[in-house]
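Notes follow the structure.
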Amino acid sequence: MSIRRRNVLLAGLPLPFLSACATGINQFRERSDAALAKDLGVCAASYAVLRAGVPTAPIAVSGCDGEGTRTDAIFQAASLTKPVVAFAALQLVRDGLLDLQAPVSHYLPHGYRHFHKAFARSTSDAHDVVTSTSLSRVSVAQLLNHSSGLPNWASGTLSFAFEPGQRWGYSGEGFMLLQAVMEAVTRQDLSLHLNQHLFARLGMADSSLVWRDDFAQRAVPGRTLFGTQANSRFRQAVAAASLYTTAADYARFMSALLADEKHLALTLENPIGVDAALGLQWGRGWGIEQATGGPYIWQWGNNPGFRAFAMASVVSKDGFVILTNNDRGMALAASVAHKVSAVEHAVFRFPWVG
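For the sequence shown, the numbering used here assigns the number 59 to the initial residue and increments by one for each residue that follows.
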């Protein structure tokens, strides 16, 4: 695996001249998908819209001559992995196997082995051990809403950047720690657990936290800002970033969440503030935007060569998911958002979304 934590962090930096964040959604409102994709150099994108919680047929988009894509193309969903993992974690809560308010040390009494490369984790790889005393400072709920105090990524010793619960701070490391908690509770590899208890149940046959060889014919390679191809294959589950999926499968997942009022209530309960001026908070696994017709749940995804975005109103249950194979793909998300509704979504001005 060639991806390193630093690469993922760099891929997540805002790109003002490419994204909807700086230039505003107005620029993309009346553009056709194909025309915008061509201007951005996005060769493959697929999106699915939900109306009243029901997914519509996915739409394939290509902006590159002679490089059409298919509606069932498989993409890296990047951080769209996090809401899926959070959904599974909240199911463990509902089943009485996980306590949101319990300290992480309750589930990892012998500490947590933190690998310095999240994408290559064997016992011989560089790592440090976070003691149970340190883990007692953070709760399961704080991992889910990014208030754990852990950094996004740490290529060395893992330590708290701020006191848990004090504020919001986006953290891939928090979801890696959540993965360890879930694996301790279920006594299963996270990928296997999701296969059995989520993907199979929802009919998400084209989704996995690890690479499958049967994906090869439909998986699209990513394209970085520098024009290089990104075609890494995750061989181990990474709760923060390793989901492979299709737009249709992810829309099925969103539909299941929106239809489950108890699960949705757990997701939205006790959010932490993110950006008051933009009306943004964070719930358990999803960002929350307070806007007309909302609140809305949302999440962006940035892996090298891939951009993804998902959003839905918890009131109307209208929403969408888009997966793209280019670092410039987030502008397409802003365009699709306007096609779904005419609401001005301040989330596209949030610096992290790029």
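Every residue, glycine too, gets a C-beta built ideally from N, C-alpha and C.
Where does Gly351 land, buried or exposed, given buried means 16+ other C-beta within 10 angstroms? exposed
Leaving aside the five residues before and after Tyr165 along the sequence, list all residues of the same chain whose C-beta is less than 7 Å from its C-beta, in chain order. Val239, Ala242 and Val243
Cβ shell of Pro353 (< 6 Å), same chain only, five flanking positions each side left out: Ile346 and Val372
Exposed unless 16 or more other CB atoms sit within 10 angstroms - verdict on Arg152: exposed
Going by DSSP, name the residue or residues bridged to His185. Phe173
Spatial neighbours of Pro279 within its chain, please: C-beta separation below 6 Å, excluding the five flanking residues on both sides. Gln287 and Asn289
Distance between Ala306 and Asp107 (C-alpha atoms, nearest Å): Residue identity differs from the one stated: residue 107 is Val in this sequence, not Asp. The straight-line gap from Cα to Cα measures roughly 9 Å.
Just how far apart, CA to CA, sit Gly82 and Ser192? Any reading at Gly82 must be qualified, since the residue scores a pLDDT of 48, below 50, and its modelled position is unreliable; the value itself is stated next. Gly82 and Ser192: Cα-Cα distance of roughly 42 Å.
Assuming the contact rule is C-beta atoms closer than 8 Å, Gly435 and Thr139 should be a hit. Round their C-beta distance to whole Å, please. Residue coverage of the chain in this structure runs from 59 to 412, which leaves residue 435 outside it and unanswerable.
Span of the alpha helix (DSSP H) around Arg152: Thr139 to Arg152
Cutoff 8 Å; reference Pro329; Cβ partners in own chain excluding five residues on either side: Asn203, Gln339, Trp340, Gly341 and Ile346
According to DSSP, is Ala277 helix, strand or coil? strand
Is there contact between the segment 140-151 and the segment 120-130, where contact requires at least three CB pairs shorter than 8 Å? no
Helix, strand or coil: how does DSSP classify Ala298 here? coil
Could you pull the DSSP bridge partners for Ser371 from this structure? Tyr354
Below 8 Å on the Cβ atoms is my guess for Ala147 versus Gly121; work out the distance and round it to an integer in Å. Between Gly121 and Ala147 the Cβ distance is about 37 Å, and since that is not below 8 Å, they are no contact.
For my contact list, Tyr105 and Pro116 are in at a C-beta cut-off of 8 Å; report their separation, rounded to the angstrom. 7 Å
To the nearest angstrom, report how far apart Ala366 and Gly412 are at their CA atoms. 10 Å
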